[in-house]
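Residue numbers (my numbering), protein chains in the order written: chain Y, 1 to 199; chain H, 200 to 419.
This is the structure in structure tokens:
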């Protein structure tokens, strides 16, 4: 049985083969040592592909339109970021760009980059750096928080003018569900197992 | 041998550090560190640099927590946005944003913003400070619960970003020239800084220190 240590409390333990759909937890502090969803790799690959399409739609179409006294403003994520930058708040613009555009994009792209070649029995190019980048990018991807932000903003403007939800709003909502499912069915340990088998 | 969810987990009753082994921060592989090359050791599987514990965890976490506390004051005092409507200017702080929804009878939304923008950042700062102090004191009080507390802290931090996104969306939508415009305020910059700094602080804190210190205490 392979030896491993708990990331949260450093207890040494050997974890036996984790069956599909099961989790191994640290008996001392309860941290998840490994979680192996059913068909994890295939499911993550499918969900990440769907997320890529939804991401393209969500970023290119307006997600809200605002109508007041005959004039209409439509906004996409990028116009929002550009407005903040022009309005003298480049720090916030950068933060929004990172958390809503770059990090989710990186997350989807890296999942595909890792899992697509492995599906066909090949080792992905630059496997180790790509794997490590994915771990760091995930923390900063905050699509789900953005959806709550939209909800609050819309409620705030409701009395002032009429708000029309755009195409991108629906793809945002779907994207969040799909991306969350892709992340939860991703088993990092399986990447190394498959890569080892392909070598 | 303890089985959980059908998985056999055999506990060695020792920690990795006690055996001179380091767990890779990025891929979780466990590798033995030989004394001489400690400083330059790299994970044989993913290439990340190996450390027994996160480097200078306590110093870095303290620095980030203190920086976050410093930004917390202007984040709450300065306006996060300014609404200009027909020549009238109105500034909103984080708290007045919550009050706005409360006054308009929308208490569920008031609760969401209050939790995300006021409770979560404060709870994070208090928890991290508490954990840091408990590690410094070598406390052996409920290490498993303190580790769980840390995991929750790590998980909830991102939700504070809600207010930043609200400002972004309002600025983008409401720009009707003389009729009505909304501009982001300096408070929003500081608030963003608080969120980022507390997230980084949670990332630099090493929960294994909770166990190291409590074990050191029981051993002596």
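The C-beta atom is built at its ideal place from N, Cα and C for all residues, glycine as well.
Worksheet entry | For residue 165 of chain Y, the first and last residue of its enclosing beta strand (DSSP E) | By 1-based counting over the first chain, the position of residue 165 of chain Y is 165. Run containing residue 165 of chain Y: 162-165, per the beta strand (DSSP E) assignment.
Worksheet entry | is_contact[residue 187 of chain Y, chain H] using C-beta, thresh 8 Å | The sequence position of residue 187 of chain Y within the first chain is 187, counting from 1. At a cut-off of 8 Å between beta carbons, residue 187 of chain Y makes no contact with chain H.
Worksheet item: What did DSSP end up calling residue 305 of chain H once you bin it into helix, strand or coil?
Response: Along the second chain, read from residue 1 onward, the residue named residue 305 of chain H stands at position 106. In this structure, residue 305 of chain H counts as coil in the three-state DSSP scheme.
Fill in: Closer than 8 Å to chain H by CB, residue 92 of chain Y
As a first step, residue 92 of chain Y must be located in the first chain, where it is residue number 92. Closer than 8 Å to some Cβ of chain H, the Cβ of residue 92 of chain Y qualifies, so yes.
Discussion item. Check whether chain H comes within 8 Å of residue 44 of chain Y, counting only Cβ atoms and requiring the distance to be less than that.
Written reply: In the first chain, residue 44 of chain Y corresponds to position 44, counting from 1. So, not an interface residue.
Item to complete: With 9 Å as the C-beta to C-beta threshold (strictly closer), list the residues of the stretch 109-135 of chain Y near chain H in chain order.
Response: The stretch 109-135 of chain Y vs chain H, Cβ under 9 Å: 127, 128, 129, 131, 132, 135.
Worksheet item: Comparing the CB of residue 195 of chain Y with every heavy atom of the ligand MG, is any distance shorter than 7 Å?
Response: In the structure on display, the ligand MG does not appear, and there are no ligands present to speak of.
Worksheet item: Does DSSP put residue 200 of chain H in a helix, in a strand, or in coil?
Response: Stepping through the second chain from its first residue, residue 200 of chain H is reached at position 1. In this prediction, residue 200 of chain H scores a pLDDT of 39, lower than 50, which makes its location untrustworthy; no coordinate-derived value is stated.
Fill in: Close beta carbons around residue 147 of chain Y, own chain, < 7 Å, minus the five adjacent residues each side
Against the first chain, residue 147 of chain Y aligns to sequence position 147. Answer for residue 147 of chain Y: 172, 173, 176, listed in chain order.
Fill in: Positions along the stretch 143-155 of chain Y whose CB lies within less than 7 Å of some CB in chain H
Within the stretch 143-155 of chain Y, the residues whose Cβ lies closer than 7 Å to any Cβ of chain H are, in chain order, 145, 146, 148, 149, 150, 152, 153, 155.
Worksheet item: Looking at the C-beta of residue 84 of chain Y, does it have a partner C-beta in chain H at a distance below 8 Å?
Response: Here the question's residue 84 of chain Y lines up with position 84 in the first chain. Taking Cβ atoms only, chain H reaches closer than 8 Å to residue 84 of chain Y, which makes this a yes.
Worksheet item: Quick one: is residue 200 of chain Y near chain H, going by C-beta distance under 8 Å?
Response: Nothing about residue 200 of chain Y can be read from this structure; chain Y reaches only from 1 to 199.
Practice prompt. Could you check the C-alpha separation between residue 126 of chain Y and residue 113 of chain Y for me, to the nearest Å?
Written response: Position 126 of the first chain, counted from the first residue, corresponds to residue 126 of chain Y. Position 113 of the first chain, counted from the first residue, corresponds to residue 113 of chain Y. Taking the Cα positions, residue 126 of chain Y is about 10 Å away from residue 113 of chain Y.
Worksheet entry | For residue 270 of chain H, the three-state DSSP class (helix, strand or coil) | Walking along the second chain from the start, residue 270 of chain H turns up at place 71. Three-state DSSP puts residue 270 of chain H in a helix.
Worksheet item: Mind pulling the chain Y residues with CB within less than 9 Å of residue 330 of chain H?
Response: Locating residue 330 of chain H in the second chain gives position 131, where the first residue counts as 1. Chain Y residues near residue 330 of chain H: none, gap ~12 Å exceeds 9 Å.
Item to complete: Check whether the Cβ atoms of residue 141 of chain Y and residue 44 of chain Y lie closer than 8 Å to each other.
Response: Indexing the first chain from 1 puts residue 141 of chain Y at position 141. Indexing the first chain from 1 puts residue 44 of chain Y at position 44. Their beta carbons are not under 8 Å apart, which means residue 141 of chain Y does not touch residue 44 of chain Y by this criterion.
Discussion item. Using the three-state DSSP reduction, which class does residue 318 of chain H fall into: helix, strand or coil?
Written reply: Translated into positions along the second chain, residue 318 of chain H becomes position 119. Three-state result, residue 318 of chain H: helix.
Fill in: Backbone CA spacing between residue 189 of chain Y and residue 34 of chain Y [nearest angstrom]
Locating residue 189 of chain Y in the first chain gives position 189, counting from the first residue. Locating residue 34 of chain Y in the first chain gives position 34, counting from the first residue. One C-alpha to the other measures close to 8 Å.
Worksheet item: Apart from the five residues on each side of it in sequence, which residues of its chain come closer than 7 Å, Cβ to Cβ, to residue 50 of chain Y?
Response: Stepping through the first chain from its first residue, residue 50 of chain Y is reached at position 50. If we look at residue 50 of chain Y and ignore the five residues flanking it on each side, its Cβ neighbours are 178.
Worksheet item: Is residue 96 of chain Y close to chain H, meaning its C-beta is less than 8 Å from at least one C-beta of that chain?
Response: By one-based count along the first chain, residue 96 of chain Y stands at place 96. Put simply, the CB of residue 96 of chain Y is near chain H, with a gap under 8 Å to one of its CB atoms.
Worksheet item: Taking Cβ positions only, does residue 420 of chain H come closer than 8 Å to chain Y?
Response: Not covered by the structure: residue 420 of chain H. The range shown for chain H is 200 to 419.
Worksheet entry | Supposed close pair residue 242 of chain H, residue 131 of chain Y - CB separation, criterion 8 Å | For the purposes of this step, residue 242 of chain H is taken as residue 43 along the second chain, with counting starting at 1. For the purposes of this step, residue 131 of chain Y is taken as residue 131 along the first chain, with counting starting at 1. About 11 Å separates the Cβ atoms of residue 242 of chain H and residue 131 of chain Y, ruling out a contact at the 8 Å cut-off.
Discussion item. According to DSSP, residue 64 of chain Y sits in a beta bridge with which residue or residues?
Written reply: Here residue 64 of chain Y is taken as the residue at index 64 of the first chain, counted from 1. Within the DSSP secondary-structure output, residue 64 of chain Y pairs in a beta bridge with Y/75, Y/165.
Worksheet item: At a Cβ threshold of 8 Å, is residue 416 of chain H touching chain Y?
Response: In the second chain, residue 416 of chain H corresponds to position 217, counting from 1. Legend: pLDDT at residue 416 of chain H = 47, less than 50; position of this residue unreliable, value from coordinates given subsequently. Among the residues facing chain Y, residue 416 of chain H is not included, as its CB has no counterpart in that chain under 8 Å away.
Discussion item. Any beta carbon from chain H within less than 8 Å of residue 138 of chain Y's own beta carbon?
Written reply: Counting from 1 along the first chain, the entry for residue 138 of chain Y is found at position 138. Not one beta carbon of chain H lies nearer than 8 Å to the beta carbon of residue 138 of chain Y.
Practice prompt. Indicate the three-state DSSP secondary structure (helix, strand or coil) for residue 378 of chain H in the structure shown.
Written response: Translated into the one-based positions of the second chain, residue 378 of chain H becomes position 179. Coil.
Item to complete: Could you list which residues in chain H have their beta carbon closer than 9 Å to that of residue 64 of chain Y, in chain order?
Response: The residue given as residue 64 of chain Y occupies position 64 in the first chain. Simply 368, 371, 372.
Worksheet item: Span of the beta strand (DSSP E) holding residue 288 of chain H?
Response: Looking up residue 288 of chain H in the second chain gives position 89. Per DSSP, the continuous beta strand (DSSP E) segment holding residue 288 of chain H begins and ends at 287-291.
Discussion item. Out of Y/181, Y/150, Y/160, which one is the CA nearest neighbour of residue 166 of chain Y?
Written reply: The residue you call residue 166 of chain Y lines up with position 166 of the first chain. When only C-alpha atoms are compared, the closest one is Y/150.
Worksheet entry | Inter-residue Cα distance where the pair is residue 200 of chain H and residue 208 of chain H | For the purposes of this step, residue 200 of chain H is identified with residue 1 of the second chain, where counting begins at 1. For the purposes of this step, residue 208 of chain H is identified with residue 9 of the second chain, where counting begins at 1. Its pLDDT being 39, under 50, residue 200 of chain H is placed unreliably by the model, and the measurement read from it follows with that caveat. Linking residue 200 of chain H to residue 208 of chain H through their CA atoms gives a straight-line distance of about 6 Å.
Worksheet item: Counting contacts by CB-CB distance shorter than 8 Å, is residue 41 of chain Y in contact with chain H?
Response: By one-based count along the first chain, residue 41 of chain Y stands at place 41. Interface with chain H (8 Å Cβ-Cβ cutoff): residue 41 of chain Y is excluded.
Item to complete: Mind checking who residue 220 of chain H pairs with in its DSSP beta bridge?
Response: Indexing the second chain from 1 puts residue 220 of chain H at position 21. Beta-bridge annotation (DSSP): residue 220 of chain H is paired with H/231.
Practice prompt. Just tell me which of H/383, H/399, H/409, H/400 has its CA closest to the CA of residue 290 of chain H.
Written response: On the second chain, position 91 is the one that residue 290 of chain H refers to. Minimum Cα distance to residue 290 of chain H is reached at H/383.
Worksheet entry | Stretch pair the stretch 71-78 of chain Y + the stretch 329-343 of chain H: three plus CB contacts closer than 8 Å | Touching, no.
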